[in-house]
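K.L.:
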Amino acid sequence: MSRFGAALVCIFYGLIVLPLGAQQQSPGVSSPSGELRIEFATVVKGQASERGQLAYRVSFRSKPVFNWSSLGLELMGQRPLGDNVRIVSTRTSQADETYTVVHGKSNPVRNRYQALTVEVAEPSAPGRSFSIEARAFDDGVTFRYHIPAQPALTAIQISNERTQFNFAKDATVYPLILRDFRTSYEDNYHILPLSAIQPAWLVALPLLAELPGTAWVALTEAHIENYAGMYLTRSASPSILESRLSPRVDVAGLAVTRATPAYSPWRVLMIAATPGALIESNLVINLNPPCAIDDVSWIKPGKTAWNWWSGSYAEGVSFTPGMNTETMKHYIDFAARAGLEYMLIDAGWSADATGPNDSGGDITRTIPAVNMPEILEYARARNVRVWLWLHWTNVERQMDEAFPLYEKWGIAGVKIDFMDRDDQWMVDFYRRVVKKAAAHHLMVDFHGAFKPDGLRRTYPNLLTREGVLGLEYTKWSARVNPDHNVMLAFTRLLAGPMDYTPGGFNNVTREDFVPRQRQPMVLGTRAHHLPLYVVYESPLQMVSDYPGAYEGQKDFDFIKAVPTTWDETRVLEARVPDYVVIARRRGREWFIGAIAGWRPAELPITLDFLRQGNWIAEIYADAPDAARNPKNTDRSEQRVNAATKLTLRLAEGGGAAIRLRPVD
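One point on numbering: in my numbering, the residue at position 543 of the sequence shown is 599, and numbering is uninterrupted.
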């Protein structure tokens with residue numbers, strides 16, 4: 057076992073094989089706490105039967121969350137799998153392990169569940185069989201398909217899944233509705249009754265839902281390998297959402313083609329009494345295999361300067377700003393002064409990039425204006441390492457040549473962009489990239505990306521990914537605003553780290569906001585944007601604005617101090633879609649991030665999560681006039697302990713950021 061492996065592992069397996077006739081109730085499994093339960097049956101017209109449609113249902117604290125929901129696979133050239141089967145046996149197991157991670161929202165991570173495997177078979181020819189593996193955690197239930205090798209299924213061609221999510225009541229849902237399967241997940245979230253979802257809409261994952269009086273639920277998936285990404289559409293019934301797999305681009309109607317044995321990704325149903333508990337969950341990474349990298353010492357989370365955000369802009373300099381050596385040195389100097397670990401050189405540095413969005417180039421050579429050896433030596437002398445932006449098509453074409461070269465150069469990592477797909481081929485591309493990058497000690501940031509699926513547990517050199525309508529959109533629209541920012545904490549972030557690119561310091565009111573490419577403005581107060589470094593999990597965080605925007609600003613001290621990976625995460629207050637307050641610990645220090653949407657909020661915060669002793673609270677809050685002058689903050693310090701109660705007064709589009717340092 058590698059030193060990254062489990063610190064404590066206790067796994068127990070018990071075998072119970074029961075013919076269906078011996079079972080007194082539908083086979084199922086409950087979470088360790090007993091609050092969650094998932095059951096399986098073959099049903100006919102909604103009633104359990106000895107044979108019929110394979111289905112599952114879920115309850116939380118004895119209340120139904122999902123009624124009988126169909127399970128099955130649509131196969132090209134064959135009858136659907138799962139619509140006429142019987143349960144032939146069940147097998148139970150349980151596990152309780154604790155493992156460490158290089159980066160995450162908590163460390164170590166506990167992985168505890170009760171499991172059930174349901175074996176099913178067709179009672180008549182061709183007699184195909186498959187199984188459902190289910191796990192019940194205290195924060196959700198999960199399942200996946202397993203198709204073993206068999207004479208009737210030596211290979212499978214899946215056109216779609218028949219997985220359903222039959223909500224027990226009309227929920228309030230918060231969907232990300234996409235135009236098709238070829239997007240970068242960059243859109244705004246909505247608030248709708250479940251029954252208002254239209255059958256023609258394509259809903260991305262994660263999907264947050266509230267079943268009033270029952271539970272908060274988030275649907276997503278984990279461990280996507282040799283498979284296609286999943287979306288949801290509404291069925292003819294207003295209570296049922298059905299799976300849709302991202303189609304391949306090479307064969308019409310085909311989503312997945314592979315030999316057996318084969319596993320689907322885990323279908324993840326995060327379930328809790330509060331939305332904050334979903335934010336704290338590690339369910340997605342727990343469903344992925346352990347770390348595959350023996351030596352992880354070179355993987356270093358951190359913060360980075362970034363030349364793209366402000367456009368070709370610089371002030372008080374002797375050079376012409378743009379994609380050139382002097383501009384990159386300018387940003388490296390800023391990173392060194394601020395104690396940032398990295399400088400990200402974005403698009404435009406590589407030679408002959410004449411295709412759309414800088415594709416079609418040679419990522420082993422630079423344009424004449426960029427002297428890469430000089431830049432890298434300059435950065436090394438200042439204890440700053442360099443990341444490089446790459447178009448994915450160039451990576452696909454030159455990865456075998458470029459990645460060893462970058463290792464020789466001393467490049468820290470690569471930001472790969474514009475994939476905009478999650479079909480089976482593209483899912484495989486992500487995995488090939490992180491494996492090849494790990495072999496050459498390169499970290500990875502995927503932009504133009506689909507949602508996280510927990511791959512970062514297996515390959516922790518994958519630090520973060522986009523898959524979000526991030527702050528860059530303020531350069532051409534008003535779509536990124538405080539309401540949107542709060543919503544992201546309850547939706548996109550449930551899947552994993554998010555490269556939103558925070559750090560905008562040109563804060564303006566709605567009345568004064570104008571989208572622009574150079575020196576872009578941001579909506580929301582300064583005290584709203586500071587805590588995004590706490591609220592938004594990302595082991596690689598951009599410090600996006602122009603270096604001069606931070607000079608002489610007291611608020612920049614918080615950004616310089618805040619970590620990018622955590623040992624503990626607690627949600628202190630949360631109300632969808634109005635506000636969220638998150639506390640995260642790294643070592644002995646705690647950081648608190650609070651953000652509100654366009655409605656002001658006054659939030660009492662108790663610090664009872666602190667250990668014994670006293671602490672200095674360094675507080676960055678909205679100034680009294682922040683609604684009119686959003687750059688204005690009040691910085692204060694006070695001595696606190698576990699009994700202290702703070703009142704956070706968040707302005708319209710406001711927030712608060714707090715650093716808690718123990719008093720020695």
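Glycine residues also receive a C-beta, built at the ideal position from the N, C-alpha and C atoms.
#1: Looking at F647 and V590, is the spacing between their C-beta atoms short of 8 Å?
#2: Could you check the C-alpha separation between R304 and M482 for me, to the nearest Å?
#3: Return the first residue and the last residue of the beta strand (DSSP E) that D473 is part of.
#4: State yes or no: is the C-beta of D501 within less than 8 Å of the C-beta of L596?
#5: Do Q575 and N563 have their C-beta atoms within less than 8 Å of each other?
#6: If I follow the unbroken beta strand (DSSP E) through W322, where does it start and stop?
#7: Three-state secondary structure (DSSP) at E178?
#8: If we call anything under 8 Å between Cβ atoms a contact, is A407 one with S415?
#9: Just the Cα atoms here: how many angstroms apart are W257 and S251?
#10: Contact criterion: CB-CB distance below 8 Å. Does P558 meet it with respect to chain C?
#11: From this set, L129, G523, T270, K225, which residue's C-alpha is nearest L261's C-alpha?
#12: Candidates S115, T154, Q109, V99: which alpha carbon is nearest L92's?
#13: Taking the beta carbon of L704 as the centre, do at least 16 other beta carbons fall within 10 Å, making it buried, or is it exposed?
#14: What do you reckon, are the CB atoms on H540 and L525 nearer than 8 Å?
#15: Can you tell me where the beta strand (DSSP E) holding R521 begins and where it ends?
#16: Evaluate the contact criterion for the stretch 434-445 versus the stretch 200-211: three or more CB pairs, one atom per stretch, below 8 Å.
#17: Relative to the C-alpha of N344, which residue among K119, G552, G510, F612 is closest?
#18: Spatial neighbours of P249 within its chain, please: CB distance less than 7 Å, with the 5 preceding and 5 following residues excluded, ordered by chain position.
#19: Might you give, ordered along the chain, the residues of its own chain that have their beta carbon closer than 6 Å to the beta carbon of A284, omitting 5 neighbours on each side?
#20: Taking the C-alpha atoms as reference points, what is the distance between D601 and L659?
#21: So, at 6 Å on beta carbons, what are the nonlocal neighbours of S692 in its own chain, with the 5 sequence-adjacent residues on each side left out?
#22: Classify I214 as buried or exposed, calling it buried when 16 or more other Cβ atoms lie within 10 Å of its own Cβ.
#23: From what residue to what residue does the alpha helix (DSSP H) around T14 run?
#24: Check whether the stretch 486-494 touches the stretch 448-456, taking contact to mean three or more Cβ pairs, one atom from each stretch, closer than 8 Å.
#25: Can you tell me which of the three DSSP states Q454 falls into?
#26: Report the three-state DSSP secondary structure of F193 (helix, strand or coil).
#27: R304 by DSSP, collapsed to three states: which one?
#28: As a quick exercise: from R715, A657, D418, pick the residue whose alpha carbon is nearest that of P619.
#29: Between F96 and Q109, what straight-line distance do the alpha-carbon atoms span, to the nearest angstrom?
#30: Candidates N685, R512, R521: which alpha carbon is nearest M475's?
#31: Quick one, which of M132, I431, A190, P377 has its alpha-carbon nearest R146's?
#32: What does DSSP give as the partner residue(s) for G649 in the beta ladder?
#33: Ignoring anything shorter than 3 residues, give me the beta strand (DSSP E) runs that lie fully in the stretch 218-244, in order along the chain.
#34: Just the C-alpha distance for Q254 and L396, rounded to the nearest angstrom, thanks.
#35: Could you give the residue range of the beta strand (DSSP E) that holds R705?
#36: Roughly how many whole angstroms lie between the Cα atoms of A394 and L586?
P.N.:
This is what the structure gives:
#1: Indexing the sequence shown from 1 puts residue 590 at position 534. Indexing the sequence shown from 1 puts residue 647 at position 591. Yes, these two residues count as a Cβ contact at 8 Å.
#2: As a first step, residue 304 is located in the sequence shown; it is residue number 248 there, counting from the start. As a first step, residue 482 is located in the sequence shown; it is residue number 426 there, counting from the start. Using only the alpha carbons, I get a separation of about 9 Å.
#3: Here the question's residue 473 lines up with position 417 in the sequence shown. Element bounds for D473: 469-473.
#4: The count along the sequence shown starts at 1 and reaches residue 501 at position 445. The count along the sequence shown starts at 1 and reaches residue 596 at position 540. Against a cut-off of 8 Å, the Cβ pair of L596 and D501 comes out as a contact.
#5: Walking along the sequence shown from the start, residue 575 turns up at place 519. Walking along the sequence shown from the start, residue 563 turns up at place 507. No; because the gap between Cβ atoms is not below 8 Å, this pair is not in contact.
#6: For this step, residue 322 is matched to residue 266 along the sequence shown. Counting along the chain, the beta strand (DSSP E) containing W322 begins and ends at 322-328.
#7: For the purposes of this step, residue 178 is identified with residue 122 of the sequence shown, where counting begins at 1. DSSP places E178 in coil when its eight states are reduced to three.
#8: The sequence position of residue 407 within the sequence shown is 351, counting from 1. The sequence position of residue 415 within the sequence shown is 359, counting from 1. Result no, Cβ atoms of A407 and S415 do not sit closer than 8 Å.
#9: Position 201 of the sequence shown holds residue 257. Position 195 of the sequence shown holds residue 251. When rounded, the distance between both Cα atoms is 12 Å.
#10: Protein chain content of the structure displayed is limited to a single chain, and chain C is not contained in it.
#11: Sequence index remark: in the sequence shown, residue 261 carries index 205 (1-based). Cα-wise, what sits closest to L261 is G523.
#12: As a position in the sequence shown, residue 92 is number 36, starting the count at 1. Among S115, T154, Q109, V99, the Cα nearest to that of L92 belongs to S115.
#13: Along the sequence shown, read from residue 1 onward, the residue named residue 704 stands at position 648. Under this definition L704 is a buried residue.
#14: As a first step, residue 540 is located in the sequence shown; it is residue number 484 there, counting from the start. As a first step, residue 525 is located in the sequence shown; it is residue number 469 there, counting from the start. Closer than 8 Å, so yes.
#15: As a first step, residue 521 must be located in the sequence shown, where it is residue number 465. That run of the beta strand (DSSP E) goes 518-521.
#16: no
#17: Taking the first residue of the sequence shown as 1, we reach residue 344 at position 288. Of the candidates K119, G552, G510, F612, the one whose C-alpha sits nearest the C-alpha of N344 is G510.
#18: Taking the first residue of the sequence shown as position 1, residue 249 is located at position 193. The answer, listed in chain order, is D226, T228.
#19: As a working mapping, residue 284 is identified with position 228 in the sequence shown. L301, S302, A311, V312, D479, Q480.
#20: To locate residue 601, count along the sequence shown from 1; it is residue 545. To locate residue 659, count along the sequence shown from 1; it is residue 603. So the alpha carbons of these two residues sit roughly 29 Å apart.
#21: Within the sequence shown, numbered from 1, the residue matching residue 692 stands at position 636. So the list reads I675, once near-sequence residues are dropped.
#22: Your numbering for residue 214 matches position 158 in the sequence shown. Buried.
#23: It is not possible to answer for residue 14, since the shown part of the chain is limited to 57 through 720.
#24: yes
#25: In the sequence shown, residue 454 corresponds to position 398, counting from 1. Three-state DSSP puts Q454 in a helix.
#26: Within the sequence shown, the letter at position 137 stands for residue 193. F193: strand per DSSP, three-state reduction.
#27: In the sequence shown, counting from the first residue as 1, residue 304 sits at position 248. Reduced to three states, the DSSP call for R304 is coil.
#28: Locating residue 619 in the sequence shown gives position 563, counting from the first residue. Nearest C-alpha to P619: R715.
#29: The residue labelled residue 96 in the question sits at position 40 within the sequence shown. The residue labelled residue 109 in the question sits at position 53 within the sequence shown. F96 and Q109: Cα-Cα distance of roughly 10 Å.
#30: Counting from one through the sequence shown, the residue named residue 475 turns up at place 419. Nearest of N685, R512, R521 to M475, Cα basis: R521.
#31: For the purposes of this step, residue 146 is taken as the residue at position 90 of the sequence shown. Checking the displayed sequence, the identity of residue 146 turns out to be Thr instead of Arg. Comparing Cα positions, the closest option is A190.
#32: Taking the first residue of the sequence shown as position 1, residue 649 is located at position 593. Answer is I638, A713.
#33: 220-222, 228-230
#34: What you label residue 254 is simply residue 198 of the sequence shown in a count that begins at 1. What you label residue 396 is simply residue 340 of the sequence shown in a count that begins at 1. Approximately 46 Å between the Cα atoms of the pair.
#35: Along the sequence shown, read from residue 1 onward, the residue named residue 705 stands at position 649. Residues 701-706.
#36: By one-based count along the sequence shown, residue 394 stands at place 338. By one-based count along the sequence shown, residue 586 stands at place 530. So the alpha carbons of these two residues sit roughly 16 Å apart.
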